[in-house]
Every structure is written in structure tokens, then in C-alpha cells.
Amino acid sequence: MTDPQNTSVPPQYASAPPTYSAAPTEDPGKVLGIVALVAVFFISLLGLILGYVARSQSRKAGFENTPAKIAIILGWIFLILGILGGILFAVFFATAASISS
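Take 384 as the starting number for the sequence shown in this note's numbering and just add one per residue.
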């Protein structure tokens, strides 16, 4: 039975710890990183943009996306080479046109 002189409050229990959702097990930008890596060989600017988007998605999820990183590096290299090639092409044909006239 209860003791009339015992006026203590029943013990308070701590609340349950908060539940956290599990970290994603798969990189959300992985497929886009691979697509960027393939696209960079055909359209360097598109591959470069997709590489940055894939890397951003992966970073938000806490992953490192190696294909996206490679696509970004190759995208810049191919873009610079394409611009230089275009300039050389224009200079060559401008010189050839001036010589033939």
C-alpha cells in the first residue's frame, strides 16, 4: 500500500532519443557523373556542366564523385583545346584566303 508520509513525486523518465534518418547508401549524383564523363568526349561544354551538377548533388549527400571530377577536368581541357583549334582554324583560312587573292 501507499505510505501517507511518502510525498515524493514519482520518478520522471527521459524522453526517447530522436530518430534520425539513415544516410543515403547510394550517391545521388553517380549516374549523372558517368553521363557527364561520357558526354564530355562528344560535347565538352555539356559534359562540363553535367559534371558540376553531379558533383554538387554528391556533395550535398556527403559523397565524393570521381567520374564527375574527371568530367570537369576533361571538360575544361577539351573546351580550351576546342577554342584554340577554332582560333587556329580561322587564322589558317584567313591567311589562305589572303594569299590566294
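Ideal Cβ placement from N, Cα and C applies to all residues, glycine included.
Secondary structure at residue 395: coil, using DSSP grouped into helix, strand and coil. Nearest C-alpha to residue 437 among 484, 418 and 463: 418.
Straight through space, the alpha carbons of residue 480 and residue 466 are spaced by roughly 21 Å. In this structure, DSSP gives residue 411 a state outside helix and strand, which the three-state scheme calls coil.
With respect to residue 395, residue 412 sits apart: the two C-beta atoms are not nearer than 8 Å. Put simply, the backbone Cα of residue 410 is about 46 Å away from that of residue 474.
In the displayed model, residue 453 falls within a helix according to three-state DSSP. In this model, residue 403 and residue 425 are separated by some 43 Å (Cα to Cα). With fewer than 16 neighbouring CB atoms inside 10 Å of its own CB, residue 472 falls in the exposed class.
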